[in-house]
Each structure stands twice: as structure tokens, then as C-alpha cells.
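Chains as they are written, first to last, in the numbering used here: chain A, 268 to 489; chain B, 268 to 489.
Don't be surprised by glycine CBs; every beta carbon is placed ideally from N, CA and C.
2 protein chains.
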Amino acid sequence: MRTLYHHVLSAPSRLIRIVLAEKSIEADLKAEKDWERRRDFLKLNPAGEVPVLVESGGSVLADSGAIAEYLEEMWPEPALVFGTAPERAEIRRLAAWFGHKFSREVSEYLVGEKLLKRFLGLGEPDSAVLRAAVHNLRIHLDYIDYLVDRRHYLAGDVFSLADATAAAHLSVADYFGDVDWSAHPLAKDWYMRVKSRRALRGVLADRIPGLEPPKYYDRPDF
Amino acid sequence: MRTLYHHVLSAPSRLIRIVLAEKSIEADLKAEKDWERRRDFLKLNPAGEVPVLVESGGSVLADSGAIAEYLEEMWPEPALVFGTAPERAEIRRLAAWFGHKFSREVSEYLVGEKLLKRFLGLGEPDSAVLRAAVHNLRIHLDYIDYLVDRRHYLAGDVFSLADATAAAHLSVADYFGDVDWSAHPLAKDWYMRVKSRRALRGVLADRIPGLEPPKYYDRPDF
Chain A
268 MRTLYHHVLS APSRLIRIVL AEKSIEADLK AEKDWERRRD FLKLNPAGEV PVLVESGGSV
328 LADSGAIAEY LEEMWPEPAL VFGTAPERAE IRRLAAWFGH KFSREVSEYL VGEKLLKRFL
388 GLGEPDSAVL RAAVHNLRIH LDYIDYLVDR RHYLAGDVFS LADATAAAHL SVADYFGDVD
448 WSAHPLAKDW YMRVKSRRAL RGVLADRIPG LEPPKYYDRP DF
Chain B
268 MRTLYHHVLS APSRLIRIVL AEKSIEADLK AEKDWERRRD FLKLNPAGEV PVLVESGGSV
328 LADSGAIAEY LEEMWPEPAL VFGTAPERAE IRRLAAWFGH KFSREVSEYL VGEKLLKRFL
388 GLGEPDSAVL RAAVHNLRIH LDYIDYLVDR RHYLAGDVFS LADATAAAHL SVADYFGDVD
448 WSAHPLAKDW YMRVKSRRAL RGVLADRIPG LEPPKYYDRP DF
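Okay, structure coming up:
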């Protein structure tokens with residue numbers, strides 16, 4: 268059996284869990300607090316970040332983008348990167364948009380201020396940082412509105428790695444209750460479609476003790 | 268003919284130029300000062316960043332990772348992502364390491380302080396930021412030393428997308444004269460091998476008026 272080192276509120280870990288579930292690939296989940304920089308974990312991934320996938324044969328895979336491409340190559344069906352080369356490039360462009368741009372502008376601020384500061388005993392969240400994150404989040408939701416006004420899913424008519432990546436990151440922001448869905452009805456419709464997928468269930472069922480998500484958090488019809 | 272929107276000291280643009288040259292794919296280069304946020308450029312890439320590749324048929328490709336995978340799919344030879352699935356994942360892990368981690372910890376600080384502040388009239392570089400960049404750079408060079416002590420190129424015995432990405436970013440730091448090669452002999456040997464490739468020539472020949480690189484900058488035997 269393979270093992271996925273992950274953390275419940277790590278968006279890149281959530282992405283890989285969604286990809287595994289979409290492709291019905293089993294993996295043992297091992298929780299890793301990567302901010303503790305455990306020595307044996309750093310040997311697996313010198314970048315010191317979850318997710319890391321360890322295959323039963325011993326292969327160690329790190330970086331969520333590299334792991335997603337690996338899973339796509341090993342288990343091509345159902346495909347998450349598909350179509351012509353330009354269509355595949357559009358899926359990867361949007362996966363990178365959420366995996367890097369959204370991550371830097373939203374996810375890392377929220378997780379850093381609301382979760383890591385608490386775990387590391389660094390005091391209260393910085394409200395200026397949180398305001399910036401929520402401001403940025405609004406612009407990303409506008410972009411999702413724009414995309415799904417033209418397409419059923421972010422990169423086209425079919426669920427792809429772009430949707431999986433966006434959902435992984437949005438689900439973390441949503442856990443913290445920071446997504447104003449009412450101002451973004453098209454993005455909300457899209458997220459309802461994504462949330463109703465069986466592959467999202469595992470991710471949406473996780474809870475951090477003492478940090479409850481909003482009531483609607485795991486309901487597809489929110 | 269295809270067009271590549273790029274900037275001379277943008278490491279992701281350099282990566283795509285190196286990939287194009289490795290695969291002998293021709294492209295018209297168009298200089299784009301992406302920090303000016305030109306409206307027609309934002310229509311091509313709402314992320315507002317170079318590189319952007321526009322194919323003669325009209326396909327628009329953005330995000331250097333997505334463009335590199337696109338070029339690999341369209342022109343598989345010579346391959347830059349190759350081997351078994353775990354080997355391909357290792358190439359992609361290291362490409363992401365330099366394309367994202369090195370970029371955030373080194374390239375963006377150097378370009379931001381030494382180039383953009385000047386272009387935007389924002390005053391002198393912040394020496395604390397530059398010290399942080401040079402400190403981080405040293406750690407990345409240690410990692411290259413470690414890798415090429417075991418392998419001829421970063422991800423294995425053959426030049427790959429990992430080397431192309433690392434070279435793109437290191438060549439920008441080297442342009443600013445910030446790389447202490449003497450302290451990193453193994454990394455230096457690797458970079459000499461990479462610099463001697465024909466595909467690096469175009470990138471290494473570029474100059475920013477009024478900002479000269481060190482004398483050894485484009486010499487393979489430095």
C-alpha cells in the first residue's frame with residue numbers, strides 16, 4: 268500500500284487526496300505537521316512540505332504538481348488532464364493559477380494566520396493580513412465567476428485538474444468561513460457541482476479539533 | 268510563426284527560451300514589461316505575467332510550467348521530461364523546486380529590488396531583502412552541490428527540464444553578480460556544463476542597457 272503524508276488543512280494535500288479519490292487509488296493517510304520540520308520527513312522531502320507520496324516499492328514523490336502528473340501517467344482513467352495539447356495547457360495553466368497564485372495570495376495567509384500562529388503559539392491573527400487575503404479571495408472568485416459563465420467547469424465542459432486544484436484551495440478558505448458565496452452566485456454553482464462529487468467527501472469530512480467549519484461547509488446544497 | 272512574450276531578466280521567460288532552443292523550435296521574441304500591466308497583454312494572460320506563447324493558429328499559452336509541458340507534448344524530441352513515471356516525477360519535483368521555491372526565495376527578491384524598483388522609480392534596493400536573497404541562494408547552491416555530487420545533472424545523468432529551470436533562475440542571479448561560485452565548486456561544474464549548451468546562448472547574450480553583468484557571466488569556463 269502507498270502512503271500519503273498530508274495535513275488536513277493543507278490545500279496541496281487536499282488536491283492529491285481528491286486526485287487519488289477521483290481515480291479510485293487507495294492510500295494510507297499519515298498526518299504530518301510539516302511546520303515541525305521532523306528530521307525523517309525532511310529526508311523524504313527536503314522542501315519540508317506535504318504532500319509526499321511514498322509508493323510501496325519505495326518511490327518517494329514530492330511536490331503536489333509533480334505528484335498529480337505522476338498519478339495521471341500511472342492511472343490515466345478517469346483523465347484529469349485531457350484533450351488537445353492546447354486544452355491540456357489550459358488545464359495546467361488554471362491548476363497553476365490556483366496551486367500557486369491563489370495559494371500565495373489567499374491560502375497561505377489564511378492558514379498562516381488562523382492555524383499556524385495558533386499551533387506555534389505566535390499570538391492572534393494579524394487582521395491586516397486577513398483583510399488582504401479576503402480582498403484577494405474576492406478577485407479570485409470574480410475570476411471563477413468569469414470562467415464558469417462561459418464553461419461548465421473551469422477549463423472546459425468536464426471536471427479536470429484545474430477544478431480539483433481550485434476546490435482544494437477554496438475548501439480550505441471555506442473551512443475558515445472566509446468565502447462570501449452570496450456575492451458570487453456563478454462560482455457558488457460551480458462549487459456546488461464540485462462538492463457533490465464523491466471524490467470530495469473524504470476531504471470535506473475532516474475536522475480540526477476545536478476549530479469547527481461553518482455549518483454549510485460540507486453540504487453540496489449550501 | 269509563434270510569438271513569445273518575454274522579459275530579458277524574467278527567469279520563467281528564460282526557461283521557455285531554453286526549452287524552445289533545446290527543441291529547435293523557432294519563435295519571435297516580443298519584449299513585454301509585464302509590470303506595466305498593458306491592457307492587451309492582460310487579455311492574453313490575466314495573471315499579467317510573462318512568458319506567454321501565442322501560436323500562429325491563435326492558441327494562447329500561459330504559465331511557464333504549462334508552456335514547458337505543452338512544448339514537451341508537441342515536440343517530444345529531444346525529451347526534457349523522460350524515463351519512468353517516478354523519474355519523470357523527480358524531474359518535475361526539481362523543476363518546481365527552482366521554478367517556485369527558488370523563485371520566491373531568491374529570484375523575486377533580486378529582480379524586485381535590483382530591477383523593478385529602478386524601473387518603477389521606487390528608490391534604492393533594500394539591503395535587508397538582498398541579504399535574505401543571498402542567504403537563501405547559498406542554501407539552494409548547497410542543494411545543487413548535494414545533487415550533482417550524486418548525479419551528472421540535477422535529476423539524473425541527462426540534461427532535463429530540472430536543469431533548464433535551475434539554469435534559468437541561476438542565470439538571473441548570476442547576471443546581478445550575486446552567485447558565490449567559488450564556495451560551490453560542484454554547482455559551478457554543473458553550471459559550466461549547462462552553460463556550454465548551445466540552447467543557453469540566446470539567453471546569456473541578452474543585456475539590459477546600463478546594467479552590465481559580471482565579466483564571466485556568459486563564459487562557460489568561468
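Whole angstroms is fine: what's the gap from residue i's alpha carbon to residue j's?
| i | j | result |
| --- | --- | --- |
| B/Y413 | B/R306 | 44 Å |
| B/R355 | B/F349 | 6 Å |
| A/L338 | B/D488 | 41 Å |
| B/E372 | B/G366 | 11 Å |
| A/S326 | B/D430 | 21 Å |
| A/I334 | A/L320 | 7 Å |
| A/R474 | A/A294 | 19 Å |
| A/H451 | B/N312 | 22 Å |
| A/R269 | A/D301 | 19 Å |
| B/H407 | B/V401 | 10 Å |
| B/L347 | B/M341 | 12 Å |
| B/G423 | B/R385 | 39 Å |
| A/R417 | A/G390 | 44 Å |
| B/R281 | B/A435 | 5 Å |
| A/L404 | A/W448 | 11 Å |
| B/P343 | B/K290 | 8 Å |
| B/A298 | A/K482 | 50 Å |
| B/L397 | B/L377 | 7 Å |
| A/E316 | B/K368 | 11 Å |
| B/L467 | B/P353 | 27 Å |
| B/R360 | A/D330 | 6 Å |
| A/A433 | A/V275 | 16 Å |
| A/Y420 | A/W364 | 15 Å |
| B/L471 | B/Y442 | 9 Å |
| A/K381 | A/E303 | 17 Å |
| A/L328 | B/G477 | 44 Å |
| B/A362 | B/E336 | 11 Å |
Which residues of chain B have a Cβ atom closer than 7 Å to the Cβ of residue i, listed in chain order?
| i | result |
| --- | --- |
| A/S326 | P353 |
| A/K368 | A314 |
Taking CB distances under 8 Å as the criterion, tell me whether residue i reaches chain B.
| i | result |
| --- | --- |
| A/R360 | yes |
| A/G388 | no |
| A/A346 | no |
Who does residue i pair with in a DSSP beta bridge?
| i | result |
| --- | --- |
| B/V319 | B/Y272 and B/A329 |
| A/K297 | A/Y272 |
| B/G423 | B/Y420 |
| A/I475 | A/L478 |
Consider the Cβ of residue i: report whether some Cβ of chain A lies at a distance smaller than 8 Å.
| i | result |
| --- | --- |
| B/I411 | no |
| B/H436 | no |
| B/A356 | yes |
| B/W364 | yes |
Inset, instruction - Determine which residues of the segment 316-343 of chain B have a Cβ less than 8 Å from any Cβ of chain A, and write them out in chain order. - result: Correct list: E322, S326, L328, A329, D330, G332, A333, I334, E336, Y337, E340 and M341.
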